[in-house]
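Positions 1 to 205 (the UniProt record's numbering) are the ones given, in order, by the sequence shown.
The C-beta atom is built at its ideal place from N, Cα and C for all residues, glycine as well.
Note that the coordinates shown come from a computational prediction; the quantities given were computed from them, not determined experimentally.
Below is one structure, written out as structure tokens, with a few remarks after it.
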Amino acid sequence: MEPATRSDMLNLSRNLRLLIFFLGASLKDEVLKVMPVQKQIQGDKWTKFKAFVTIGDYSGHVDLSVKCSKKVATAIRGVIILDKLSIVPVWKGYWENKMSKPTLFCANWGNKIGKPHTLSCKVTGHCGSVLVRLIPAPKDTGIVSTLVPKKLLVMASTDDCYTSARGCTATLDNFAKATLYAISKTSGKRLCSPSLLIRNSLSIL
């Protein structure tokens, strides 16, 4: 990775200030996991703490970041900043069954009534051996998922969604990242412009 220049640092600072101005009051964070990581060095062990934190405003924005530090509090503070710099917008839509027959009360069982309640399309995310697929669901279905994807989908204000996962889902790291990659494909772009310092918050330890 190339070293960051002064202009890159200024852009990151500006992006962070803008994000805090627009979404700061509504952003909530939740620690998914804190785990120790060790490395054997000559005559001693190198020990740090790895924090997984998700952040969202429960209104269509979510992100997940990972960071290592010698202290747990420092790792959590740093990962929250990374979350804010790379937050993902989520495009929502309606579930529509084009094969259903019109009824007396509704022209189509899955028509666009009320606010968008599910994802806009089917999306798939892959990380390591884990593959997560998110599928739009009918209204009032809820989020049919395990705990980790459900937390991310709830923070992204998704009310109804089917999920399917394959691989070693016991690894929270890959499971959460695969879910975020799938969610980010609904919009295709991140809010903050990429830089030489931070291209993806998940790649920084």
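Please report the residue range of the alpha helix (DSSP H) in which residue i lies.
i: Pro116; result: Neither: Pro116 is in no alpha helix (DSSP H) and is coded neither H nor E.
i: Ser145; result: Careful: Ser145 lies outside any alpha helix (DSSP H) and carries neither H nor E.
i: Ser129; result: Counting along the chain, Ser129 falls outside any alpha helix (DSSP H), and DSSP gives it neither H nor E.
i: Ser184; result: 172-184
i: Val79; result: 72-85
Per DSSP, what are the beta-bridge partners of residue i in this structure?
i: Leu64; result: Thr54
i: Val123; result: Leu134
i: Arg166; result: Leu131
i: Asp160; result: Thr118
i: Ser69; result: Phe49
i: Lys92; result: Leu119
i: Asp44; result: Ile41
Residue i lies in the beta strand (DSSP E); which residues open and close that run?
i: Lys33; result: 28-41
Would residue i and residue j be called neighbours here (beta carbons separated by less than 8 Å)?
i: Thr158; j: Ile135; result: no
i: Thr47; j: Glu30; result: no
i: Asp95; j: Ser187; result: It is Trp, not Asp, that sits at residue 95 in the sequence shown. No, these two residues do not count as a Cβ contact at 8 Å.
i: Val148; j: Leu27; result: no
i: Leu180; j: Leu64; result: yes
i: Phe52; j: Val72; result: no
i: Thr141; j: Ala182; result: no
i: Ala178; j: Gly60; result: no
i: Thr118; j: Asp160; result: yes
i: Lys184; j: Thr163; result: In the sequence as presented, Lys is not what sits at residue 184; that position holds Ser. Not in contact: Ser184 and Thr163 (Cβ atoms no closer than 8 Å).
i: Val62; j: Val88; result: yes
Within 10 Å of its beta-carbon, does residue i have 16 or more other beta-carbons around it, so buried, or fewer, so exposed?
i: Val132; result: buried
i: Ser129; result: exposed
i: Cys121; result: exposed
i: Thr103; result: Legend: pLDDT at Thr103 = 44, less than 50; position of this residue unreliable, no value from coordinates given.
i: Ala107; result: For Ala107, the predicted structure reports a pLDDT of 38, less than 50, and the residue's modelled location is therefore unreliable. The matter cannot be settled from this model.
i: Ser86; result: buried
i: Gly43; result: exposed
i: Ala25; result: exposed
i: Val37; result: exposed
i: Lys151; result: buried
i: Lys84; result: buried
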